[in-house]
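Read the structure below first, then the notes.
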Amino acid sequence: MISNILSEYIDSITTSQDDVLNDIERRTNLRTTHPRMLSGKVQGKFLEIISFLMAPDKILEIGSFTGYSAICLARGLNKDGVLYTMEANEEIIPMLKENIEHAGLSDKIKVFVGDAVVNIKKLNEEFDLVFIDGDKRQYADYYKSVLPKVRNGGIIIADNILWSGKITESTDKETSSLREFNAMVASDPNVEQVALSVRDGLLIIRKL
């Protein structure tokens, strides 16, 4: 993991977030118990630029929280594109929908509540871009469920793959699950991937 000084420097030379994202970050800090789950400026801008570069028709997000990352990703959609976001925590849904509406993206973002693996099976869609940021213990299940629904050449981005630097040393359930997920992707001949140290670690996966 990079030092706090370098993190602050990276933040200082990254384009500032707009008023909408500022508002969402402020609300998240005021109204949730785990505001650190928010993607934040640097990762949010990274996701936004990736989406703009791809100009996707269909995006799937697993793990919505308060909607920051969904909004960043949805901004790069094609004119008629749609983002499907899935959130298991019912208590956060009102705030999620409030933030999506605040961003003017209610017509572009569809919210699904409940277990993502179950909801993915209900979707008869082909995705250009997928962002995985749900329950760390389910990453392998998310991956197995969604890979068949990703187009050839499509991208999957998995968040938190370094898990605060614990990925190489800790044996708790979440860390072990992430380690197993990382190894599974690395051994999958159907994809190629690169690990980045952005924020808490991102694994960028391209379906061959």
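If you read the sequence shown in our numbering, its first letter stands for residue 802, the second for the next number, and so on. All C-beta atoms, glycine included, are put in the ideal place defined by N, C-alpha and C.
Rounded to the nearest angstrom, what separates residue i and residue j at their Cα positions?
{"i": "PHE847", "j": "ILE825", "result": "17 Å"}
{"i": "THR834", "j": "LYS922", "result": "31 Å"}
{"i": "ILE933", "j": "ASN920", "result": "14 Å"}
{"i": "VAL992", "j": "LEU1003", "result": "15 Å"}
{"i": "ALA871", "j": "GLU970", "result": "31 Å"}
{"i": "VAL914", "j": "THR867", "result": "13 Å"}
{"i": "LYS1008", "j": "GLN994", "result": "9 Å"}
{"i": "PRO836", "j": "SER817", "result": "19 Å"}
Do residue j and residue i come within 9 Å of each other at the CB atom, strictly closer than that value?
{"i": "GLY877", "j": "ILE901", "result": "no"}
{"i": "MET760", "j": "ARG828", "result": "Only positions 802 to 1009 of the chain appear in the structure, and residue 760 is not among them; the question remains open."}
{"i": "LEU963", "j": "ALA996", "result": "yes"}
{"i": "ILE863", "j": "GLY935", "result": "yes"}
{"i": "ASP929", "j": "VAL947", "result": "no"}
{"i": "ILE894", "j": "VAL912", "result": "yes"}
Could you check how far apart the C-beta atoms of residue i and residue j are, in whole angstroms? I think they sit under 8 Å.
{"i": "LEU1010", "j": "TYR885", "result": "The question about residue 1010 has no answer, for the chain in this structure spans 802 to 1009."}
### Query
Does the pairing of the stretch 847-861 with the stretch 948-959 give three or more beta-carbon distances under 8 Å?
With three or more CB-CB distances shorter than 8 Å, the stretch 847-861 counts as touching the stretch 948-959.
### Task
May I have a chain-ordered list of the alpha helix (DSSP H) segments no shorter than 4 residues that lie completely inside the stretch 862-909?
Taking only runs of at least 4 residues, the alpha helix (DSSP H) segments lying wholly in the stretch 862-909 are 869-875 and 894-903.
### Message
When you compare the stretch 935-953 with the stretch 981-995, are there three or more beta-carbon pairs, one atom per stretch, that lie closer than 8 Å?
### Response
The count of Cβ pairs closer than 8 Å, one atom from the stretch 935-953 and one from the stretch 981-995, reaches three, so the stretches are in contact.
### Message
My parser needs the alpha helix (DSSP H) runs of 4 or more residues fully inside the stretch 914-953; what are they?
### Response
The stretch 914-953 is shown to contain whole alpha helix (DSSP H) runs of 4 or more residues at 917-923 and 940-947, in chain order.
### Sequence ranges, alpha helix (DSSP H) only - wholly within the stretch 809-848, length at least 4
Scanning the stretch 809-848 for uninterrupted alpha helix (DSSP H) segments of 4 residues or longer gives 820-832, listed from N- to C-terminal end.
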